[in-house]
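Reading through the structure tokens given below for one structure.
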Amino acid sequence: METKNNKNITTCPYAKKCGGCQYQGIDYAAQLKKKQKEMNKLLKDFGKPEPIIGMKDPLHYRNKVHAVFGRTRKGEIVSGTYEAGTHKIVNIDECMIEDEISQSIIRTIRGLLRSFKIRTYDEDTGYGLLRHVLVRRGFATGQVMAVLVLSSPILPSKNNFVKALRKEHPEITTVVLNVNDKKTSMVLGERDIVLYGKGYIEDILCGCTFRISPQSFYQVNPVQTERLYQTAMDYAELTGKERVIDAYCGIGTIGMVAAKKVREVIGVELNRNAVKDARINAKLNQIKNIAFYEGDAGRFMVSMAEEGEKADVVFMDPPRSGSDEAFLSSVIRLAPKRIVYVSCGPDTLARDLKYLARNGYQVRKMQPVDMFGFTEHCEMVVQLVKKR
Numbered sequence: 015m016e017t018k019n020n021k022n023i024t025t026c027p028y029a030k031k032c033g034g035c036q037y038q039g040i041d042y043a044a045q046l047k048k049k050q051k052e053m054n055k056l057l058k059d060f061g062k063p064e065p066i067i068g069m070k071d072p073l074h075y076r077n078k079v080h081a082v083f084g085r086t087r088k089g090e091i092v093s094g095t096y097e098a099g100t101h102k103i104v105n106i107d108e109c110m111i112e113d114e115i116s117q118s119i120i121r122t123i124r125g126l127l128r129s130f131k132i133r134t135y136d137e138d139t140g141y142g143l144l145r146h147v148l149v150r151r152g153f154a155t156g157q158v159m160a161v162l163v164l165s166s167p168i169l170p171s172k173n174n175f176v177k178a179l180r181k182e183h184p185e186i187t188t189v190v191l192n193v194n195d196k197k198t199s200m201v202l203g204e205r206d207i208v209l210y211g212k213g214y215i216e217d218i219l220c221g222c223t224f225r226i227s228p229q230s231f232y233q234v235n236p237v238q239t240e241r242l243y244q245t246a247m248d249y250a251e252l253t254g255k256e257r258v259i260d261a262y263c264g265i266g267t268i269g270m271v272a273a274k275k276v277r278e279v280i281g282v283e284l285n286r287n288a289v290k291d292a293r294i295n296a297k298l299n300q301i302k303n304i305a306f307y308e309g310d311a312g313r314f315m316v317s318m319a320e321e322g323e324k325a326d327v328v329f330m331d332p333p334r335s336g337s338d339e340a341f342l343s344s345v346i347r348l349a350p351k352r353i354v355y356v357s358c359g360p361d362t363l364a365r366d367l368k369y370l371a372r373n374g375y376q377v378r379k380m381q382p383v384d385m386f387g388f389t390e391h392c393e394m395v396v397q398l399v400k401k402r
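Numbering (the numbering used here), first residue to last: 15 to 402.
Put into structure tokens, the structure is as follows:
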């Protein structure tokens with residue numbers, strides 16, 4: 015277990031209200047032991063996971079910071095996160111796990127609202143303008159994107175607002191207005207209006223450059239993501255001759271890292287914006303042996319199997335809810351030699367592994383990677399091989 019010797023460097027003042035960090039008050043080495051024990055217990059039917067890969071520094075690792083905005087009964091502007099199990103906003107100035115520059119930008123925006131007469135959105139009445147702020151930073155490039163989520167496409171004095179924000183934070187490379195005019199718990203709406211810059215940022219991961227738009231899924235801990243993806247590549251046992259499928263490919267991160275080591279990569283993703291970014295990313299990195307398709311990965315693999323096509327390796331990185339039986343059965347029909355399952359939900363992972371084990375696959379290796387220090391969450395990479 016690799017980690018810096020940093021016991022409780024500081025105690026978070028929001029720990030009891032926020033609910034974001036379940037392991038507050040526990041030194042980092044003890045957190046890793048708890049996670050290892052939990053992984054061993056959840057996955058005992060498939061063998062013993064390798065020792066967890068911990069962070070060298072478990073503080074301020076999140077490159078994506080989201081704050082919900084509102085007001086107290088006295089009219090004071092607040093920004094932060096919802097109190098656990100409620101829609102009451104906990105006003106947060108500094109978070110131990112979020113990027114410090116991004117947090118500073120959010121505090122500045124909170125301070126500018128009154129002078130620009132921008133009202134925060136009220137969920138109950140539907141009155142007000144600013145709902146959320148999302149800040150994303152490329153840790154390798156230093157590029158910063160600030161996304162203002164508004165209930166309307168009109169921001170009064172928008173040019174002066176952006177100018178005032180960039181005067182305090184010249185590191186901001188783009189500002190985007192996102193329109194969310196629906197009564198929904200979703201943070202982002204579907205429409206983006208670029209107020210400044212290119213409307214996206216870029217970051218470098220495993221030697222590849224990735225374009226990140228407001229809607230893009232991108233791992234929040236880039237340092238550990240490199241270690242996660244390296245493990246996935248090791249488990250794929252690539253020789254350069256393989257045809258690979260990257261299911262749930264997002265903006266193409268895993269597929270593009272694999273493309274350097276294989277004959278061909280096929281990426282499949284349901285989110286249209288992610289597929290658009292993935293295709294741009296492939297051109298950006300001059301990767302020509304990869305193709306991205308918009309659609310359901312399960313149906314795509316079924317059609318491949320029906321047409322007699324093969325794949326040697328399937329990478330799958332589903333959401334925390336795991337995969338459904340329709341997707342897993344499509345993997346079985348395609349019958350790759352190896353499956354590399356990247357999971358952020360070990361309980362649903364255990365469920366999916368049982369299905370794959372019943373249908374001709376054997377778990378060979380399991381590697382936990384701590385991506386989310388101070389929380390109970392843990393990422394896992396599993397290698398499955400087709401039984402002879």
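Ideal placement from N, C-alpha and C gives every residue a C-beta, glycine not left out.
- Query: If you count every other CB in all the chains shown that lies within 10 Å of the CB of residue 165, and 16 or more means buried, which is it?
  - Reply: buried
Would you report the Cα separation of residue 349 and residue 254, rounded to the nearest angstrom? Their backbone Cα atoms lie some 19 Å apart in a straight line.
Exercise. Does DSSP put residue 382 in a helix, a strand or coil?
Worked result: Note: residue 382 maps to strand in three-state DSSP.
Report task. Whole angstroms is fine: what's the gap from residue 228's alpha carbon to residue 188's? Result -> Whole-angstrom Cα-Cα distance: 11 Å.
Inter-residue Cα distance where the pair is residue 314 and residue 336: Each residue's Cα considered, the two are about 18 Å apart.
request  = Could you tell me the boundaries of the alpha helix (DSSP H) in which residue 270 lies?
outcome  = First-last of the alpha helix (DSSP H) with residue 270: 267 to 273.
- Roughly how many whole angstroms lie between the Cα atoms of residue 216 and residue 275? Taking the straight line joining both Cα atoms gives about 23 Å.
Problem - Bridge-paired residues (DSSP) for residue 6 - result: The structure shown does not extend to residue 6, since the chain is modelled only from 15 to 402, so the question has no answer here.
inquiry  = Give me, in chain order, the residues of the same chain whose beta-carbon lies closer than 6 Å to that of residue 122; leave out the 5 immediate sequence neighbours on both sides.
reply    = 182
Q.
Relative to the C-alpha of residue 344, which candidate in 364, 368, 318, 359 has its C-alpha closest?
A. 318
*asked:* Between which residues of its own chain and residue 339 is the CB-CB distance below 8 Å, once the five residues before and five after are set aside?
replied: 369
(message) Which residue marks the beginning of the alpha helix (DSSP H) containing residue 179, and which one marks its end?
(response) 172 to 182
*With a Cβ-Cβ cutoff of 8 Å, do residue 246 and residue 218 count as a contact?*
no
In the region 86 to 128, which residue ranges form an unbroken alpha helix (DSSP H) of at least 4 residues, counting only runs that do not cross its ends? Those alpha helix (DSSP H) runs which fall completely within the region 86 to 128 and span 4+ residues are 114 to 126.
Coarse secondary structure for residue 200, derived from DSSP in three states
coil
inquiry  = Distance check for residue 288 and residue 131, CA to CA, integer angstroms please.
reply    = Distance between the alpha carbons of residue 131 and residue 288 is about 35 Å.
Relative to the alpha-carbon of residue 74, which residue among 168, 201, 62, 235 has its alpha-carbon at the smallest distance? 235
Query - Sequence-distant residues of its chain with Cβ nearer than 6 Å to residue 190 (five each side left out) - result: 161, 206, 208, 213, 228
Checklist entry - Would you call residue 159 buried or exposed, if buried means 16 or more other Cβ atoms sit within 10 Å of its Cβ? => result buried
*asked:* What ranges does the alpha helix (DSSP H) occupy inside the region 326 to 392, keeping only unbroken runs of at least 4 residues that lie completely in it?
replied: 339 to 348, 360 to 372
Judging by CA-CA distance, which residue of 308, 372, 256, 249 is the nearest neighbour of residue 324? 256
Review point. What are the start and end residues of each continuous alpha helix (DSSP H) run of 4 or more residues lying completely inside the region 34 to 90, in chain order?
Key: 42 to 56
So residue 277 is in the alpha helix (DSSP H); what residue range does that whole segment cover? Run containing residue 277: none; DSSP gives neither H nor E here.
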